[in-house]
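First residue of the sequence shown: 78, per this note's numbering; consecutive thereafter. All residues carry an ideal CB built from backbone N, CA and C; glycine is no exception. Small disclaimer: the values here were computed from a predicted structure and weren't measured. Below is one structure, written out as structure tokens; comments come after it.
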Amino acid sequence: MNILQDSNQLASLLSFHRKKSGLSQLRLADLAGVGKTVIYDLEHGKISVSNETSKSLL
């Protein structure tokens, strides 16, 4: 299984590592070049993204 394609695992990893790093959703979005709603939706499993975008977030 490719972890970047499993939206539930991506959501958990993204949220965990963002919080561990002390980043807000807005700051992570700025660093990744995406909107804050993208981070929110990803962390709640509402959307999926390309592997390239997933890698930029992780």
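Secondary structure at Asp83: coil, using DSSP grouped into helix, strand and coil. Per DSSP, Ser131 is one residue of the alpha helix (DSSP H) stretching across Asn128 to Leu134. Ser92 carries a helical assignment under DSSP once its states are collapsed to helix, strand and coil.
Within a 10 Å sphere around the beta-carbon of Ser127 sit fewer than 16 other beta-carbons, which makes this residue exposed.
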